[in-house]
Amino acid sequence: MSQPDYQLSRNAFGRLVFVDKDHQVHEGIVPIRAFPMTAPEQGIALLNVHGHELAWIECLDDLPEAFRILIEAELASREFMPEIKRIDKVSSFVTPSTWWVKTDRGDTTFVLKGEEDIRRLSPAALLITDSHGIHFLIHDRLMLDRHSCKLLDRFL
Amino acid sequence: MQQNFYPAHSDAMLTLPPLWVSQVEAHLASEETILAWLEIDLDTRLRFSRGIVIATNQRLLAKMTGEESWHDWSYQQGLRLTCRDHAGVGNLELFDDHALLAHWCYTLAKDTGANRLITEFTQQLNSQLTGETQIQPVQVKCPTCAAILSSDQETCPICVQEAHIPPSTWTLFRLWRFAKPYKWRLLTGFLLMLGSTAATLVPPYLTMPLMDNVLIPYQNGKPIDVDLVTTYLSGLLAAAFLAWILGWSRTYMLAKVSERIGRDLRTTTYKHLVKLSQEYFGGKRTGDLMARIGAETDCINLFISLHLLDFATDVIMMSMTALILVSINPSLALVTLMPLPIIAWLIHLVRDKLRTGFEKVDRVWAEVNNVLADTIPGIRVVKAFAQEDREVARFRAANQRNLEINDRVNKVWALFTPTVTLLTEVGLLVVWIFGIWQVSQDQISVGVLTAFLAYIGRFYLRLDSMSRIVSVTQKAAAGTKRIFDILDHVSSVPEPIKSIHLPTITGRIELRNVGFRYGTRSVTRDINLVIEPGEMVGLVGHSGSGKSTLINLICRFYDVTEGAILIDGVDIRSLPVAEYRKHIGLVLQEPFLFFGTIAENIAYGKPDATRKEIIAAARAAYAHEFILRLPHGYDSLVGERGQALSGGERQRISIARALLIDPRILILDEATSSVDTKTEKEIQEALDNLVHGRTTIAIAHRLSTLREANRLIVLDRGKVIEVGNHAELMARQGYYYHLYQSQSRNIDTEDHLAELDPKSGSKGDRA
Chain F
1 MSQPDYQLSR NAFGRLVFVD KDHQVHEGIV PIRAFPMTAP EQGIALLNVH
51 GHELAWIECL DDLPEAFRIL IEAELASREF MPEIKRIDKV SSFVTPSTWW
101 VKTDRGDTTF VLKGEEDIRR LSPAALLITD SHGIHFLIHD RLMLDRHSCK
151 LLDRFL
Chain D
1001 MQQNFYPAHS DAMLTLPPLW VSQVEAHLAS EETILAWLEI DLDTRLRFSR
1051 GIVIATNQRL LAKMTGEESW HDWSYQQGLR LTCRDHAGVG NLELFDDHAL
1101 LAHWCYTLAK DTGANRLITE FTQQLNSQLT GETQIQPVQV KCPTCAAILS
1151 SDQETCPICV QEAHIPPSTW TLFRLWRFAK PYKWRLLTGF LLMLGSTAAT
1201 LVPPYLTMPL MDNVLIPYQN GKPIDVDLVT TYLSGLLAAA FLAWILGWSR
1251 TYMLAKVSER IGRDLRTTTY KHLVKLSQEY FGGKRTGDLM ARIGAETDCI
1301 NLFISLHLLD FATDVIMMSM TALILVSINP SLALVTLMPL PIIAWLIHLV
1351 RDKLRTGFEK VDRVWAEVNN VLADTIPGIR VVKAFAQEDR EVARFRAANQ
1401 RNLEINDRVN KVWALFTPTV TLLTEVGLLV VWIFGIWQVS QDQISVGVLT
1451 AFLAYIGRFY LRLDSMSRIV SVTQKAAAGT KRIFDILDHV SSVPEPIKSI
1501 HLPTITGRIE LRNVGFRYGT RSVTRDINLV IEPGEMVGLV GHSGSGKSTL
1551 INLICRFYDV TEGAILIDGV DIRSLPVAEY RKHIGLVLQE PFLFFGTIAE
1601 NIAYGKPDAT RKEIIAAARA AYAHEFILRL PHGYDSLVGE RGQALSGGER
1651 QRISIARALL IDPRILILDE ATSSVDTKTE KEIQEALDNL VHGRTTIAIA
1701 HRLSTLREAN RLIVLDRGKV IEVGNHAELM ARQGYYYHLY QSQSRNIDTE
1751 DHLAELDPKS GSKGDRA
C-alpha cells in the first residue's frame, strides 16, 4: 500500500478537502467512478469543483484505510442506482406504465415512459430509466422470481 | 386561476400531502403559516423513505417518517439553504456560517418543489433579518410546480405533459377517429356484406328440398320432377351470381375505404411526428420511427381491408347460419353448435400469449431495423476501422433474437390451427352421430341432415379462419398502439392554448432565470441576459458549457425547465411555434441540404421566393459564383447531404437560405468551425452581410471570429461568468483571457503547420 502524495479530509460543511503535494487546498472535491457499471472498483478520479482531475486512483484497496472510507462514503452519498429485487405490479403493459417495485433501497414506484427506456447492459442485466431519469438496475433478470419475470417479459 | 404568490395558510395546507397534514398542524405554533414544503422521498443513506421539509414564516421544519420528533431551525443570520444534484438525486443542504446543519436527499421528481422551498426560505430569511416586509409580485403560478404561467395560459404545460396516463387497451377502436370521415361508405359496405353473406347461405338451404323432394323420392321409385329441379338449380345459380356481384362490390368498397384510412393515418402520424420537439427525436432511434410510420400503418391497413372484413363476414355468416340451423331443427342445432364455446375459450386462451408474442416480434424487428439505421449512415466509420465483421455480427445477433422470439411465438401459434381443425372434425363426427340417430328415429329427413352437414362444413371452416383473426388483430392492435404512441405524445414544446401573434418583431431577446435540465443533468441554470435589437452577441465557453443548449432554448427546440425567454417582452411559449421560428435564421455547423436543386435548397424557408430573390440571397452569401460554375447552375441537384459540394460551399448555401427569409434574429451555431481557415474567411464575408442589422447570437469555437461581436457572453458549466466585449474581457484577465491565450497559441501552431504544409506535401510525393 503506497502513501499517496496528497491529503484528504472532510470539513464541517460536509465537503471533502484535498491538499496536494504543494499544499494547495481544494475544497468540495468529488470522486467519480470511471466505469460505474462495468468496473466500479477500478479507476476512480478525484475532481475539483471545476471538474479538473486532481488525482487518479487505480484501485480503492490501494489507498490508506482512512482515505478509502472517506471516498467510499462520498461515493455512497452520490450514487443512486436502486437494484430491483422484485416487481410487485405494473399499472399496464402499455407505456407509460407505473411500476411498483421492491429494491435494495426499499419499496418505491416509478413511471416507465417507453419500452426504449429499458436498456440491455448484457443479455441478463437491464438498466431501466424512469420518467425522471433515475436509473434502476436489474442485475440478472433470470434470477428474479417468476412473477417479476413474467411482468418484465411483457416489456422486453 | 388567479393564485396569490404569497400563499395563505389554508392554501399551502391544502396542497400538503395528506400523510403529513395532521402531524404538521399539531406542530405549528399559533400565527405560524406554511410558505412552502418539500416532500422528501429518500433518507440520507439513499434508501426510499418519506419525510418532509417545511418553510414557515417562523422557521424551517423537518421530519422523516421514522423519527419521533421534528427538527427545527429558526431564521437567523448566516443560515443558508442550497441544493445540488447528481445522477437523479437532489441534495438539499442547510448551512450556517460554521458547518453543515442538516441535509436531505430527494429524487429529482421533487426538484421544482425544492427550488420553490429554497426561494421561499431565502426570501423569508432576508425579510426577517432586514425587517422589511416584502411586496410580492402577484403572479399566476402552476399550483403543483410553481412555474410562472403567462397570463393567457390556464394550465401548466409541464404538469399536463407529466400526467402519465397509459393508453386504453382497446386501442383498435381508436382507429375510429380515422374511419369517421368514411362512415357512409363503411355503412354501404356493411350492407353489401350482409347481402353477399346471405346470398352464400342460400345454396346449402336448397340442398335440403333437392334431397328430400327430388333425390330420395327418385330412389324410392318416383320419376324426377324436371320443373322442380329447374327451379331449385336456377335458384342455386342466381344465388351464386348474387353472391359474386355483392362480394365483389363489398370488397372493392371496403378496400377503397381502408386505403384512404391508411393514407390519413400515415399523413397524420408524420405530420404529428415532425412537429414534435427536438427532445423526442433525441430519444428515439431513426429505424424505429421509420418502421412505425411505414410498416405499422401498412399492417393496420391490411388488417382493416382484409382481415377485419373477413372477420365481420365470418361473424355475420355464423350468426345467420346459427339462425337457419335453429329454425330447421333446434335439437340438432344445439348439438352442432356445442363445440363453439370450447373453441371460443381456446381462442381467448391463446389470445394473450400471442399478443405479447407479437408485440415482442415487433420490438425485436425494430431492433433489427435500428442496427441498419445505425450502421448505414456511419458506413465510412465502419469501413475506416475495418469493423464490417463486427457490424455483421451485431446484425446477426439482432436477427438471431428475432428468430428466437418468432420461434417461441410460432410454437403457440402452430399448435393453435391444428387444434381448431381437430375440434372441427370432432364436431362433424358429433353431428353425424346425432343426425343418424335422429334420422333412424324419423325425427328428421335425410335432406335436413345433408343441409346441416353442408352448413356445418362452412361453419367450422369459418371458425378456422376466424381463429386467424386473433393473431392479426393482436398484431394490428400492437401496431395501432405504436402509432398512437406517436400521436399521443404531446410535444414538449406545446402550442400555446391562447396564442399571441407578433407579425413583426424588433429582435429584443431577454432570458430570465433560465434553467434547463436534460434528463437528470442540469445543463444551464439561472441565466439572465438581455440582447438588444441589432446587437451581435457571441457565446463563448468550453464545449459542454451550455452554449448550444442556450441556442436550442432560444429557438425553442426545447422548452426551458425554469424561468422564461422573452422576445420583445413576450414569453416565447405564448407564441405559435412555427410563427416564432419564422423570425429566426439558423446557420448550423453541419449544413443540411435536402435532396433537390440548389435553388430549392436556398428557398427552403420561403418556397414562394422568386428567382431574383434567390439569386440576391446567393450573391449576398457569396455563393452565386460557385453555383454558376456548377454544370446546371441553380438547377444542379444536390444529394441527401449535398455530397457533391465542399463544406464551405454547403455552408454558404445554408447562409443564403437564412438570408432569404430575412429573419430579425440570427443564430450562428459554429457556422465556420468545420472548415479550414481560408474557407472560413469566405464564409465570414458572407456572414458579415447576414449579420448586418439583425440581432445575432453566434457560437464560435475560434474566438478570433467573434471579435466583431458587441458583447461576448462567457459561459462555464451552464452559468454566465463574464460579459463584455473582447477588449474589456481581455483587460479583465479572467476566464476569457485564459481561453483566448490558450487558443491563440494553438492558432499560431496551426498557421505554422499550414506553412509547413507544402513541404510535407512534396515529401509525400515519394510515396
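Chains F and D, in that order, are what the protein sequence lines are.
Our numbering puts the first residue of the first sequence at 1, with every later residue one more than the last.
Our numbering puts the first residue of the second sequence at 1001, with every later residue one more than the last.
We treat Cβ as the ideally placed atom computed from N, Cα and C, and that holds for glycine.
Predicted model only: the values in this text are computed from it and were never measured.
I need the DSSP call for Tyr-1518 (chain D), collapsed to helix, strand or coil.
Against the second sequence, residue 1518 (chain D) aligns to sequence position 518. DSSP places Tyr-1518 (chain D) in strand when its eight states are reduced to three.
Is Ala-1099 (chain D) close to chain F, meaning its C-beta is less than 8 Å from at least one C-beta of that chain?
Counting from one through the second sequence, the residue named residue 1099 (chain D) turns up at place 99. It does: the Cβ of Ala-1099 (chain D) has a partner Cβ on chain F nearer than 8 Å.
Which of the residues in the segment 1069–1090 of chain D, read from start to end, lie with their CB under 8 Å from any CB of chain F?
His-1086, Ala-1087, Gly-1088, Val-1089
So Phe-1095 (chain D) contacts chain F; which residues on that side make the cut at Cβ distance below 7 Å?
Here the question's residue 1095 (chain D) lines up with position 95 in the second sequence. Going along chain F in sequence order, the residues near Phe-1095 (chain D) (Cβ under 7 Å) are Phe-13.
Pick out the complete alpha helix (DSSP H) segments inside the segment 1387–1417 of chain D, 4 residues or longer, and give them in chain order.
none
With H, G and I counted as helix, E and B as strand and the rest as coil, what does DSSP make of Val-1420 (chain D)?
Here residue 1420 (chain D) corresponds to residue number 420 of the second sequence, with the count starting at 1. Of the three classes helix, strand and coil, the one that applies to Val-1420 (chain D) here is helix, per DSSP.
In or out: Asp-5 (chain F) buried (at least 16 other Cβ within 10 Å) or exposed?
As a first step, residue 5 (chain F) is located in the first sequence; it is residue number 5 there, counting from the start. Exposed, because fewer than 16 other Cβ atoms sit within 10 Å of the Cβ of Asp-5 (chain F).
At 7 Å on the CB atoms, spell out the chain F contacts of Thr-1561 (chain D), in chain order.
Sequence index remark: in the second sequence, residue 1561 (chain D) carries index 561 (1-based). Residues of chain F passing the Cβ test: none, with the nearest at roughly 12 Å.
Is there contact here, the segment 1350–1369 of chain D with the segment 1405–1412 of chain D, by at least three beta-carbon pairs under 8 Å?
yes
Restricting to Cα atoms, I'd like to know which of D:Leu-1487, D:Ala-1644, D:Arg-1573 is closest to Leu-1276 (chain D).
Position 276 of the second sequence holds residue 1276 (chain D). Nearest C-alpha to Leu-1276 (chain D): D:Leu-1487.
Expressed to the nearest angstrom, what Euclidean distance is found between the alpha-carbon atoms of Phe-93 (chain F) and Arg-154 (chain F)?
Counting from one through the first sequence, the residue named residue 93 (chain F) turns up at place 93. Counting from one through the first sequence, the residue named residue 154 (chain F) turns up at place 154. For Phe-93 (chain F) and Arg-154 (chain F), the distance between alpha carbons rounds to 7 Å.
Could you tell me if Ile-1433 (chain D) is buried or exposed, where buried requires 16 or more neighbouring beta carbons within 10 angstroms of its beta carbon?
Mapped onto the second sequence, residue 1433 (chain D) falls at position 433. Exposed, because fewer than 16 other Cβ atoms sit within 10 Å of the Cβ of Ile-1433 (chain D).
Rounded to whole angstroms, what's the CA-CA distance from Val-1523 (chain D) to Ile-1551 (chain D)? Just pull it up for me.
Here residue 1523 (chain D) refers to the residue found at position 523 of the second sequence. Here residue 1551 (chain D) refers to the residue found at position 551 of the second sequence. Straight-line Cα distance between these residues: approximately 12 Å.
Quick one: what's His-1632 (chain D) bridged to in DSSP?
Counted from its first residue, the second sequence places residue 1632 (chain D) at position 632. Per DSSP, none; premise fails for His-1632 (chain D).
Secondary structure at Cys-149 (chain F), three-state DSSP: helix, strand or coil?
Numbered from its first residue, the first sequence carries residue 149 (chain F) at position 149. Reduced to three states, the DSSP call for Cys-149 (chain F) is helix.
Any C-beta of chain D sitting closer than 8 Å to the C-beta of Ile-84 (chain F)?
Numbered from 1 along the first sequence, position 84 holds the residue referred to as residue 84 (chain F). Ile-84 (chain F) does not count as touching chain D.
Give the secondary structure of Leu-1016 (chain D) by DSSP, where H, G and I count as helix, E and B as strand, and everything else as coil.
The count along the second sequence starts at 1 and reaches residue 1016 (chain D) at position 16. Leu-1016 (chain D): coil per DSSP, three-state reduction.
For Gln-1743 (chain D) and Arg-1702 (chain D), I'd like the C-alpha separation in whole angstroms.
Locating residue 1743 (chain D) in the second sequence gives position 743, where the first residue counts as 1. Locating residue 1702 (chain D) in the second sequence gives position 702, where the first residue counts as 1. About 8 Å.
Using only CA atoms, which one of D:Gly-1457, D:Ser-1543, D:Ala-1698 lies nearest to Thr-1421 (chain D)?
Indexing the second sequence from 1 puts residue 1421 (chain D) at position 421. Of the candidates D:Gly-1457, D:Ser-1543, D:Ala-1698, the one whose C-alpha sits nearest the C-alpha of Thr-1421 (chain D) is D:Gly-1457.
Out of curiosity, what's the CA-to-CA distance linking Glu-1067 (chain D) and Val-1024 (chain D)?
Along the second sequence, read from residue 1 onward, the residue named residue 1067 (chain D) stands at position 67. Along the second sequence, read from residue 1 onward, the residue named residue 1024 (chain D) stands at position 24. The straight-line gap from Cα to Cα measures roughly 14 Å.
I'd like the list of long-range same chain contacts for Cys-149 (chain F), defined as Cβ closer than 8 Å, with 5 residues on each side in sequence excluded.
In the first sequence, counting from the first residue as 1, residue 149 (chain F) sits at position 149. Cβ within range, chain order: Arg-141, Leu-142.
Can you list, in chain order, the residues of its chain whose CB lies under 7 Å from that of Asp-1765 (chain D), leaving out five sequence neighbours each side?
Here residue 1765 (chain D) refers to the residue found at position 765 of the second sequence. Low confidence applies to Asp-1765 (chain D): its pLDDT is 36, below 50, so where it sits in the model is not reliable, and the reading given next is rough at best. The beta carbon of Asp-1765 (chain D) is closer than 7 Å to none in its chain, skipping five residues each way along the sequence.
Who are Lys-1606 (chain D)'s beta bridge partners in DSSP?
Against the second sequence, residue 1606 (chain D) aligns to sequence position 606. Paired residue(s): none; Lys-1606 (chain D) is not in a bridge.
Which whole-angstrom value describes the C-beta separation of Thr-1480 (chain D) and Leu-1175 (chain D), a residue pair presumed to lie in contact below a C-beta threshold of 8 Å?
Indexing the second sequence from 1 puts residue 1480 (chain D) at position 480. Indexing the second sequence from 1 puts residue 1175 (chain D) at position 175. Right, their Cβ atoms sit about 6 Å apart.
With Trp-1070 (chain D) as the anchor, note down where its beta strand (DSSP E) starts and where it stops.
The residue you call residue 1070 (chain D) lines up with position 70 of the second sequence. Segment: none, Trp-1070 (chain D) is in no beta strand (DSSP E) and carries neither H nor E.
Strictly below 9 Å CB to CB, what residues from chain F border Thr-1356 (chain D)?
As a working note, residue 1356 (chain D) is residue 356 in the second sequence. The answer, in chain order, is Phe-93, Asp-153, Arg-154.
Tell me whether the segment 1490–1503 of chain D and the segment 1669–1687 of chain D touch, counting them as touching only if at least three CB pairs, one residue from each stretch, are closer than 8 Å.
no
Keeping to the same chain, check which residues put their C-beta closer than 6 Å to that of Pro-1203 (chain D); ignore five residues upstream and five downstream.
Stepping through the second sequence from its first residue, residue 1203 (chain D) is reached at position 203. Hits under 6 Å: Leu-1236, Ala-1239.
So what does DSSP say about Glu-1613 (chain D), is it helix, strand or coil?
Counting from 1 along the second sequence, the entry for residue 1613 (chain D) is found at position 613. Looking at Glu-1613 (chain D) - three-state DSSP - the assignment turns out to be helix.
Taking C-beta to C-beta, are Arg-1820 (chain D) and Thr-1561 (chain D) nearer than 8 Å?
An answer regarding residue 1820 (chain D) cannot be provided, because it is not within the stretch 1001 to 1767 covered by chain D.
Taking 8 Å as the threshold (beta carbon to beta carbon), is Phe-1452 (chain D) in contact with chain F?
For the purposes of this step, residue 1452 (chain D) is taken as the residue at position 452 of the second sequence. By this cut-off, Phe-1452 (chain D) is not an interface position.
Three Cβ pairs or more, each shorter than 8 Å: is that satisfied between the segment 1725–1740 of chain D and the segment 1530–1537 of chain D?
no
So which of D:Ser-1022, D:Leu-1666, D:Thr-1336 has the shortest CA-CA distance to Leu-1429 (chain D)?
Reading the second sequence from its first residue, position 429 is the one you call residue 1429 (chain D). Checked all of D:Ser-1022, D:Leu-1666, D:Thr-1336; the closest Cα to Leu-1429 (chain D) is D:Thr-1336.
Can you list, in chain order, the residues of its chain whose CB lies under 6 Å from that of Ala-124 (chain F), leaving out five sequence neighbours each side?
In the first sequence, counting from the first residue as 1, residue 124 (chain F) sits at position 124. Correct list, in chain order: Asp-140, Arg-141, Leu-142.
Buried or exposed: Thr-1130 (chain D), going by 16 or more other Cβ atoms within 10 Å of its Cβ?
By 1-based counting over the second sequence, the position of residue 1130 (chain D) is 130. Counting Cβ neighbours within 10 Å, Thr-1130 (chain D) comes out exposed, since fewer than 16 surround it.
Please list the terminal residues of the continuous alpha helix (DSSP H) segment that includes Asp-1225 (chain D).
One-based indexing of the second sequence puts residue 1225 (chain D) at position 225. It is not in any alpha helix (DSSP H) - Asp-1225 (chain D) carries neither H nor E in the DSSP assignment.
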